[in-house]
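Numbering (numbering that gives the first Met the number 0), first residue to last: 0 to 492. Glycine included, C-beta positions come from ideal geometry on N, C-alpha and C. Here the structure is a predicted model, which is why all the values come from computation and not from measurement. One structure is given here, and the rest of the page talks about it.
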Amino acid sequence: MASWTRDKSKAAKMFVEQYYEDIAVAYFERMERRKKLEKNMVKLRLTEVEQQQLRNDLAVREQEYTRQRRRKLSESDFETVKVIGRGAFGEVRLVRMVESGEIFAMKKMRKADMLQKEQVAHVRAERDILVAADNPWVVTLYYSFQDEAHLYLIMEFVPGGDLMTMLINYDVFPEDVTRFYMVQIACAIDSIHRMGYIHRDIKPDNILIDRNGYLKLSDFGLCTGFRSAHSTRFFKSFTRDEGDDESDADLATPGSSGHGQLVDSGESSNARGKGKGKGKGKGKGKGKGKGKGSDSDGSDADALATHGGRVMTWKKNRRKLAFSTVGTPDYIAVEVFQRTGYGFEADWWSLGVIMFEMLVGYPPFCSRNSSETYHKILNHKKTLQFPPEASVTPEAQDLIRNLVCAPEDRFKSIEQFKDHPFFAGVDWDNIRSAKAPFTPQLASPIDTSYFDYEIPEHSRADAAAPVLRLSEGVNPFLGYTFKRFNHGRAGLS
């Protein structure tokens, strides 16, 4: 049998399986909604008449949901308020749904780029985890759809900025602020691990701040769920590309600036472009970062020779790194570079790096260039050092060393976090009720002041698609469309 025939057969099998899996999931979710209603009615001790009315109401909503699922959405159903982010393969816009007036974030990606750069598995994994996620730690997906040239994700608009910008605007976080955010990020990572996914791209850029000051994970472009549809190798033979290639994009994630480059409070408006610098925060940093910086993790060896120089150089270059197609290796676990295989614990390494950055002002392996960073990570047992100027407590150092270490020695579960002395006294069960150290100050539902920095003009989301042919009978984006049940409260009217 010819290889293309095998590929076609394999693809058809997978897509048929996914089609019926989606039907089964829809049926299961419908039954779960009915069971939940029955359980709640028993608790409320409603009369039989009241119970039947609620059952009828649910039936009407289920019928409307089925009708809406058949409705084909298009880009014209949304009007753009503002472009709020750009990445290697697309852009993110603040949009208003024409029919309802609801506000969303729209992530728009070019299919041609996804195919050429072998990102199909990544965008499918991102869509799948957003569909599966039903918890406050992950940005909510309300719709996904496609047209001939593009893929679209319609998500909740998270208006409060991202952790990267907070780290740019403050030299360091106090330990109480660090503790609050560490608990929230740990809970968020644990929530996706429980669904069977590894994020693989945990970094401050991808940690958003909602209107209440609580954190949410975003940008799942590198996420994997151990399914064939999430394997790049599976899709490799499905295309025959007749267009040009761009070598530097091979390392990029789709929409890497994503719904993630938001702007926090602080004094350093120059560090992020035109930001207003609104909001309340407990961080005591001075926010001195200026300009866009040069290439990679820092360009001046003299500046990197001191603790203060490292802080300033890292902050100066951080925004540019976020917008680059190759990004930064600073948050990547050592076993990923070693290519010896990795699991859920890779995300915990990234969290340890973020904690170090919160307390010290820059990541532990910050260097003049990515190559030096890579070698420092491989030699982490010697290069992980805490500068005395940072005054990091023994408890905090111990936690970081339990995260930034060999995978066999690393924390494996959130229970180990809960038992660590650094988190003594933390009420983990009510962390989303605790007072946040920073609360965004928003003037309206479409306030984008935390996005007001200079966005590079390198997105190709609306450019003409290159000539690209799929293997006959193969559509790797089949089954991409999604609509969340009872979305009426999705946006901000």
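Check                                                                                                                                                                 : Outcome
Alpha carbons only, please: which of Gly342, Arg33, His198 is nearest the one belonging to Glu407?                                                                    : Gly342
Between Phe343 and chain C, is there a C-beta pair that is closer than 8 Å?                                                                                           : Here chain C cannot be found, since the structure has a single protein chain.
Which residues bound the alpha helix (DSSP H) around Ser349?                                                                                                          : 344 to 359
Taking the alpha-carbon positions, what's the Pro362 to Asp329 distance?                                                                                              : 7 Å
DSSP state of Leu72, grouped into three classes?                                                                                                                      : coil
Reducing DSSP to helix, strand and coil, say where Ala131 ends up.                                                                                                    : helix
At which residues does the alpha helix (DSSP H) containing Phe103 begin and terminate?                                                                                : No alpha helix (DSSP H) contains Phe103, which is instead part of the beta strand (DSSP E) from 102 to 109.
Could you compute how far the alpha carbon of Val157 sits from the alpha carbon of Ile208?                                                                            : 7 Å
Here's a check: name, in chain order, each residue in its chain whose Cβ is nearer than 6 Å to the Cβ of Ala131, leaving out the five neighbours to either side.      : Met194
What is the DSSP secondary structure of Gln384, reduced to helix, strand or coil?                                                                                     : coil
Less than 8 Å separating the beta-carbons of Ala442 and Gly212?                                                                                                       : no
For Ser412, which residues in the same chain have their Cβ closer than 8 Å to its Cβ, ignoring the five residues on either side in sequence?                          : Asp189
Mind checking whether Arg409 and Glu344 have CB atoms under 8 Å apart?                                                                                                : yes
Per DSSP, what kind of secondary structure is Phe77 in: helix, strand or coil?                                                                                        : strand
Could you check whether Leu162 and Ile191 sit closer than 8 Å to each other, using their CB atoms as the reference points?                                            : no
Is Val125 helix, strand or coil when you go by DSSP?                                                                                                                  : Per the sequence shown, the amino acid found at residue 125 is Glu instead of Val. Here Glu125 sits in helix by DSSP.
Round the Cβ separation of Leu72 and Val80 to the nearest angstrom and send it over; I've been treating them as touching at under 8 Å.                                : The pair is not a contact, with the Cβ atoms about 18 Å apart (cut-off 8 Å).
Return the chain-ordered list of same chain residues with a C-beta closer than 7 Å to the C-beta of Trp427, the five sequence neighbours on each side being excluded. : Val182, Lys417
Determine the contact status of Tyr186 and Ile430, defining contact as a CB-CB distance below 8 Å.                                                                    : Checking the sequence shown, residue 186 turns out to be Cys, not Tyr. Yes, they are a contact pair.
Please report the residue range of the alpha helix (DSSP H) in which Met194 lies.                                                                                     : Taken as a continuous stretch (DSSP letters only), Met194 belongs to no alpha helix (DSSP H), as it is neither H nor E.
Using only alpha-carbon positions, find the residue among Phe450, Leu402, Val359 that is nearest to Lys380.                                                           : Leu402
What number of angstroms, rounded off, separates the C-alpha of Pro475 from the C-alpha of Val41?                                                                     : 45 Å
If you check the beta carbons only, do Val171 and Val359 fall under 8 Å apart?                                                                                        : yes
For the candidate residues Met105, Tyr180, Lys116, whose alpha-carbon lies nearest to that of Asp218?                                                                 : Met105
With H, G and I counted as helix, E and B as strand and the rest as coil, what does DSSP make of Arg483?                                                              : coil
Using three-state DSSP, classify Val48 as helix, strand or coil.                                                                                                      : helix
Can you give me the start and stop residues for the beta strand (DSSP E) that Tyr142 sits inside?                                                                     : 140 to 145
Can you give me the C-alpha to C-alpha distance between Leu152 and Asp76, rounded to a whole angstrom?                                                                : 13 Å
State the Cα-Cα distance for the pair Thr339 and Ser349, rounded to the nearest angstrom.                                                                             : 17 Å
Got a sec, what are the start and stop residues for the alpha helix (DSSP H) Arg400 sits in?                                                                          : 393 to 400
Quick check on the DSSP output: what are the complete beta strand (DSSP E) runs of length 3 or more inside the segment 155 to 210, in order along the chain?          : 206 to 208
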